[in-house]
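Written out below as structure tokens is the structure these notes cover.
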Amino acid sequence: MDNKNKKISSGLNFSQIAWVVKDVERTKTFFHEMLGVHNFSETVTSRLKEYDATYYGKPSDAENLVTMAYSGGIFVELIQPLSGQSIFKDYIDSNPAGGFQHIAYSTPVTNLDKVISEFENKGYSIVSSFDTPIAKIVFFDTRKEIGVFTEIMGITEAGEKAVQEMKNGGR
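Okay, so the sequence shown: first residue is 1 according to UniProt numbering, each after it adds one.
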């Protein structure tokens, strides 16, 4: 059996789908008016250099507008690249209309190193990463297999609280 086809044994929970878009506010309006998603968080500017971000092994100073909503049992994330090198900027440059760019799975941060090792043992290397107060985040290039990147979020204790708050409709 091909090593890439062997299942990851670590406990992962499907958590999120993400779109990279040209205009996050316009996309948020579409989700609100057309799909009934009313609980998007305030749009914030994410400055990746504040999170020790990497882009193909090098420091990333990319900036993005980001918003999220909890809907239908998962998080919906919208990302609008503003500047700098990132997998989000690469995506919008290749897909000017925007689109579905990654899926995300979560695991406790204490399990993240094990998951990373399992992905790397199957031939996937980290293409981007950042370390936020709520999660340590890594992206693997799984586009050949599933058409999108795969994000793994190692959720911290603060992250668990933030997730519950969003699930409960809070900000």
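Glycine included, each C-beta is placed from N, C-alpha and C at the ideal position.
- The beta-carbon distance between asparagine 64 and proline 81, rounded to whole angstroms, is 5 angstroms. This is short enough to meet the 8 angstroms contact definition.
- DSSP places histidine 38 in no alpha helix (DSSP H); its state is neither H nor E.
- Going by DSSP, tyrosine 91 is part of the alpha helix (DSSP H) stretching over 87-94.
- Of the candidates Ser60, Ile137, Lys161 and Leu35, the residue whose Cα lies closest to the Cα of histidine 102 is Ile137.
- Of Val24, Thr156, Val115 and Phe130, the smallest CA-CA separation from threonine 54 is found for Phe130.
- One Cα belongs to isoleucine 152, the other to glutamine 16, and the distance between them is close to 10 angstroms.
- Around the C-beta of glutamate 77, 16 or more other C-beta atoms lie within 10 Å, and the residue is accordingly described as buried.
- Between serine 60 and glycine 84, the C-beta gap is smaller than 8 angstroms, which places the two residues in contact.
- Secondary structure at tyrosine 70: strand, using DSSP grouped into helix, strand and coil.
- Close CB contacts of phenylalanine 119 within its chain, under the 6 angstroms cut and outside five residues either way in sequence, are with Phe140 (chain order).
- Counting along the chain, no alpha helix (DSSP H) covers alanine 53, and no H or E run does either.
- The beta carbon of threonine 142 sits closer than 8 angstroms to the beta carbons of Tyr124, Val148, Phe149 and Thr150 from its chain, once the five residues preceding and following it are set aside; these are given in chain order.
- Tyrosine 105 is a Cβ neighbour of leucine 12, given a cutoff of 8 angstroms.
- According to the DSSP assignment, serine 117 belongs to the alpha helix (DSSP H) that extends over 112-121.
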